[in-house]
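Take a look at the structure set out below.
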Amino acid sequence: MKRNNFTLLYSYKTLETLLIYQSLSDIVKLVIMEAGNLEECMKLHSMTGAQAQTAMPSLDGLKWLDDDEQVGCIKRVGYEQGIPLLHTRAFHFWLGQRHPLKQWTLAPEDWTIKSASESNYHISYHLEHCRHVVPSEHQRRVFLLGKRPEYFEGDEYVWPQGALAEITTTLPGGVEFIATAGKGGGELPEAGIRNVGLLDKEEWFKLVAESSVMLGIGLPRSSPSAYDALCLGIPFINPSVCMVNPFAEVSRITKLDRKHPDDRTKWILQQDPLRNEDPPYVYNIEAGNTEELRKAIQSALDTPIEPYIPERMTIEFVERRLLYLFSEDWREIALEQIKSSETGLGFATSDGKNVGVQSQSLFPKTSSELIWFPSSSIHRASQASCFEAR
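Structure follows, in structure tokens:
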């Protein structure tokens, strides 16, 4: 952002953010907070210093307040020196909104692939080291994505017990499965894996770059490591996830919809953002299907790829998204969201009149006439699991 004349100021605590904003409010364009910090900021209202210390003992900075001092963080009636909620953004890596205004939640992935109603603002991210990748000589090795030994067992583990050991011995030419799980390595619940344990960053990149393919095992979800593999010239095998019985007759990759198996919006994958990528870069396959896994591994061995960076993860794309975030006038978007809500999302005119759909005549013409009332709660999108969806 430097070449676009933006200055970034960092803080580490919620109240530290407030103090910086109060000192520079006239020139601050946006205040971006971790979702948890924004929650803290919104909860801090209508109480004295003593009350806040009792209600929020883990919040740093409260001990410096007088016991009877009024505290706050978000601008509201009675605390006009706070941060206007319209000027804040919540950063949340995962699916779901963490801000009363939907698009005020920033996410590194475009979660509209999961649901058309998902409207987090997609900022993406760039893998800087991809610019300096030197292609390595690949070994007949499958790198297993998963740094915790518990990922290799239980309901979330997506491959049949013994499948990897079987593929090791039956695949023409053989293949090795290698993992970097747990401190010191050691035996894993799944047979047929050489586990070298956790590595430092450079050793990890070297091991991945010398492999032929990276394989997902169910967890972790939406990991940057899959992108690391692609930019190192390593394909990724992306299994479906999230069904009670991964080996049931019903296909997990189609989310119970066998009539439309090619409808990718129905797929539930370990790396959902990669659902629109295809071989030889990404192999989206059904969990529990050993034969499909064998074919994907064989194809990856036979069809090596060059280093690959999805267009949405280039530095140019990230820069465009950030410039739009900082340069666009978001007030009209905010007004429309508030206006269409039954409750006004907690916003009201300064005299407390509701501005939701039930009170259209009261709705002000500009966002500067709006103020947030702390009786509202942070909107969280419904995240019913696929277990419940069945």
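Heads up, the sequence shown is in full-length UniProt numbering, so the first residue is 1 and it goes up one at a time. Glycine is no exception: its CB is placed at the ideal position from the N, C-alpha and C atoms. Treat the numbers as computed from the prediction; the structure is a model and nothing was measured.
query: From S11 to L85, what does the alpha carbon distance come to, in whole angstroms?
result: 18 Å
query: Taking the C-alpha atoms as reference points, what is the distance between C73 and L322?
result: 25 Å
- request: Whole angstroms is fine: what's the gap from L127's alpha carbon to P273's?
  value: 16 Å
Whole-angstrom C-beta distance between I234 and M214, which should lie under 8 Å: 5 Å
query: Any idea if N284 is buried or exposed, counting beta-carbon neighbours within 10 angstroms, 16 or more meaning buried?
result: buried
N4, DSSP secondary structure in three states: helix
task: Answer yes if the region 188-202 comes into contact with the region 152-165, meaning at least three C-beta pairs across the two stretches below 8 Å, and no otherwise.
output: yes
- prompt: Should E277 be flagged as near chain C, meaning a C-beta pair shorter than 9 Å?
  reply: In summary, chain C is missing from the structure at hand, where a single protein chain is found.
field: Own chain, CB closer than 6 Å to Y79, minus 5 neighbours either side, in chain order
entry: G72
task: Return the chain-ordered ranges of every beta strand (DSSP E) run that is complete within the region 156-221 and spans a minimum of 3 residues.
output: 176-179, 193-195, 213-216
query: According to DSSP, is A287 helix, strand or coil?
result: coil
message: Output needed for F152: all residues of its chain with C-beta closer than 6 Å, excluding positions within five of it in sequence on either side, in chain order.
response: L188, P189, E190
message: Going by beta-carbon coordinates alone, are L198 and I237 separated by less than 9 Å?
response: no
query: Three-state secondary structure (DSSP) at Q97?
result: coil
- prompt: Is the CB-CB distance between P307 and L230 below 9 Å?
  reply: yes
- prompt: In or out: D228 buried (at least 16 other Cβ within 10 Å) or exposed?
  reply: buried
- prompt: Hey, out of T303, E203, T290, D26, whose CA is closest to W159's CA?
  reply: T290
task: Flag this pair as yes or no: are the beta carbons of W111 and H122 separated by less than 9 Å?
output: yes
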